[in-house]
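Residue 545 in this note's numbering sits at position 416 of the sequence shown; the count goes up by one each step and never skips.
Glycine included, C-beta positions come from ideal geometry on N, C-alpha and C.
Owing to the predicted nature of the structure, the values given are computational and were not obtained by experimental measurement.
Some notes on the structure that comes next.
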Amino acid sequence: MEILTGRVLHFTADPFLHGPEAARIDEAVVIEGGIIRAVGSAGALRAAYPQAAVSDYGDAVISAGFIDAHVHYPQTAIIASWGKRLIDWLNTYTFPEEIRFADGDYAADVAARHLDFVLDNGTTSVCSFTTIHPGSVDAYFSAAQTRGMRIYAGKTCMDRNAPDALRDTARSAYDDSARLLSRWHGVDRLSYVITPRFSPTSTPEQLEALGALWQANPGTLMQTHLSEQLDEIAWVADLFPDSRDYLDTYESVGLLGKGAVFGHAIHLTERERARLIEADASVVHCPTSNTFIGSGMFDMRLAQEGLRVGLATDTGGGSNFSMLRTMAAAYEIGQLRGTPLHPSQLWWLATQGSARALRAEQQIGNIAAGMEADLVIVDLASTPAIAQASCRATDIWQALFPTIMMGDDRAIREVRIAGAVRSRCRNEP
Ligand code: GUN
Ligand code: ZN
């Protein structure tokens, strides 16, 4: 048993619905056996648990670890590729790189590299696409298992509009996904996610097969992309002339419901917004990707309307592995749309918001008794520029905001995975 003291940031409610008062700062958190036992004042918890060791983090913030709700780990090495929009970017940079994942050793190398990068940045859980190769799923889950992380991932399925070497079929996508699901889902802290890449790269037959697989496995998530760029939406309309809209290409085959997680969801029609809310599905805001690939500005009013909204880097379309940088981009997009986000809302999106998007809010993404002790310790004076701004703060939000806007991996003092201090696997200095 251990007591961690510092500025313990946690949530008692959703700040999009209840304002900044939904966040609380306490002095201490008690962890034992990988689980959070209690949170409260340091004096009271020391008195209640006199036998516990105490680790004092001073002025640093102790928070739930960040949760990156939409990434493509195979795109780690092509992050920051210049000058293309979505479809060109996929064809020029992404697909050639994904072909390399036929090699299991290469997949293992990138999987380990990606998880080390995200841990360096204080991210303790990720929901990732892989490639069409089953070995790319094995590589990622194996690397996550070694690190003890709660990870969500699935085989990316594509049976058209992709290079030959990156196409499966409706049948093989179903069979491979089913086999990987039974191999990995629920093993340790791993969850299998049924993963059609997006409607343009799946035939209606493949979407239908994956819809059937999802219906047969109600405890799993389904992830895909939705309405990221206008050219993409026009292409979907051509490919699916009978569909009412982009969402309908999924809805009509059983790929809409609780546990459906749609990346981007920028250019939605009124019908799509209403159906996403009614179905209690999730959407994921990927702000650095949406500016980097030139996709558009996500409408954060969806969070106020009750939709589950997560936050994500979307690497390698996104331009950074850091959820701090991602919060900063979300703030800037909010400003451009006239809906500036309070620091409590940004922090919520990166923790409990993403956990809710992945329907894991009972396990991760907050500090509360009974939840898993995946934690990040954040230094609020990690660079001279940040320190001189935050030292003038008169409340926690002013103290935190310079780190949100200017922080990076240097602000991450420590990461705990299920209570244990993260030991570096590969990037050992
Ligand atoms: N849409 C379909 N595939 C992708 C991808 O790999 N990245 C992004 N940003 N959008 C996509
Ligand atoms: Zn994506």
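Buried or exposed, going by whether 16 or more other CB atoms sit within 10 Å of the CB of residue 476?
buried
I'd like the list of long-range same chain contacts for residue 557, defined as Cβ closer than 7 Å, with 5 residues on each side in sequence excluded.
Bear in mind that the predicted position of residue 557 carries a pLDDT of just 44, short of 50, making it unreliable; the figure below should be weighed with that in mind. So the list is empty, once near-sequence residues are dropped.
What first and last residue would you give for the alpha helix (DSSP H) that runs through residue 400?
Element bounds for residue 400: 399-407.
Quick check on this structure: which residue in 277, 402, 216, 428 has the alpha carbon closest to the alpha carbon of residue 328?
Each of 277, 402, 216, 428 was checked against the Cα of residue 328, and the nearest Cα belongs to 216.
Cβ-heavy atom distance, residue 223 to the ligand GUN, below 7 Å
yes
At the 8 Å Cβ level, is residue 248 part of the contact set with chain B, yes or no?
Looking for chain B here will not work: only one protein chain is present.
When 179, 164, 160 are compared against residue 501, the one with the closest alpha-carbon
When only C-alpha atoms are compared, the closest one is 164.
Is it buried or exposed, residue 252, if we count other Cβ atoms within 10 angstroms and call 16 or more buried?
buried
Put residue 350 into one of helix, strand or coil per three-state DSSP.
strand
Please find out if some non-hydrogen atom of the ligand GUN comes closer than 7 Å to the beta-carbon of residue 229.
no
Residue 147 beta carbon near the ligand ZN (any heavy atom closer than 7 Å)
Distances between the C-beta of residue 147 and the heavy atoms of the ligand ZN are all 7 Å or more.
For residue 136 versus residue 185, is the C-beta spacing smaller than 8 Å?
no
Does the count of Cβ pairs from the segment 335-347 and the segment 309-323 closer than 8 Å reach three?
yes
Cut-off 6 Å between Cβ atoms - residues of its own chain near residue 160, not counting five sequence neighbours on either side
131, 502, 548
For residue 260, three-class secondary structure by DSSP:
In this structure, residue 260 counts as coil in the three-state DSSP scheme.
For the 8 Å Cβ check, are there 3 or more pairs between the segment 530-542 and the segment 449-462?
yes
Do residue 401 and residue 376 have their beta-carbon atoms positioned less than 8 Å apart in this structure?
Cβ distance < 8 Å, so residue 376 and residue 401 count as in contact.
From the DSSP output, in three-state form, read off residue 355 for me.
strand
Taking 7 Å as the cut-off, is the CB of residue 599 close to at least one heavy atom of the ligand ZN?
This structure does not reach residue 599, given that the chain is present from 130 up to 558, and the question cannot be answered.
Mapping DSSP to helix, strand and coil, what is residue 427?
Correct three-state label for residue 427: coil.
Please confirm if the segment 283-290 is in contact with the segment 258-275, defined as three or more CB-CB distances below 8 Å between the two stretches.
yes
Determine the DSSP secondary structure at residue 416, reduced to helix, strand or coil.
helix
DSSP three-state call for residue 270: helix, strand or coil?
helix
Unbroken stretches of the alpha helix (DSSP H), 4 residues or longer, contained in the segment 429-511
Within the segment 429-511, the runs of alpha helix (DSSP H) at least 4 residues long that lie entirely inside it are, in chain order, 430-433, 452-466, 472-477, 483-486.
From residue 333 to residue 372, what distance separates their C-alpha atoms?
11 Å
Return yes when the Cβ of residue 393 is within less than 8 Å of the Cβ of residue 355, no when it is not.
yes
Could you check whether the segment 407-415 touches the segment 379-399, counting it as contact only if at least three pairs of C-beta atoms, one from each stretch, sit closer than 8 Å?
yes
The ligand ZN heavy atoms versus the CB of residue 258: any closer than 7 Å?
yes
CA nearest to the CA of residue 542, picked from 504, 171, 209:
When each option's Cα is compared against that of residue 542, the closest is 504.
Please classify residue 180: is it buried, with 16 or more other beta-carbons within 10 angstroms of its beta-carbon, or exposed?
exposed
Hey, quick one: how far does the beta strand (DSSP E) through residue 197 stretch, first residue to last?
Looking at the DSSP string, the run of the beta strand (DSSP E) that includes residue 197 is 195-201.
Restricting to Cα atoms, I'd like to know which of 522, 493, 397, 214 is closest to residue 545.
493
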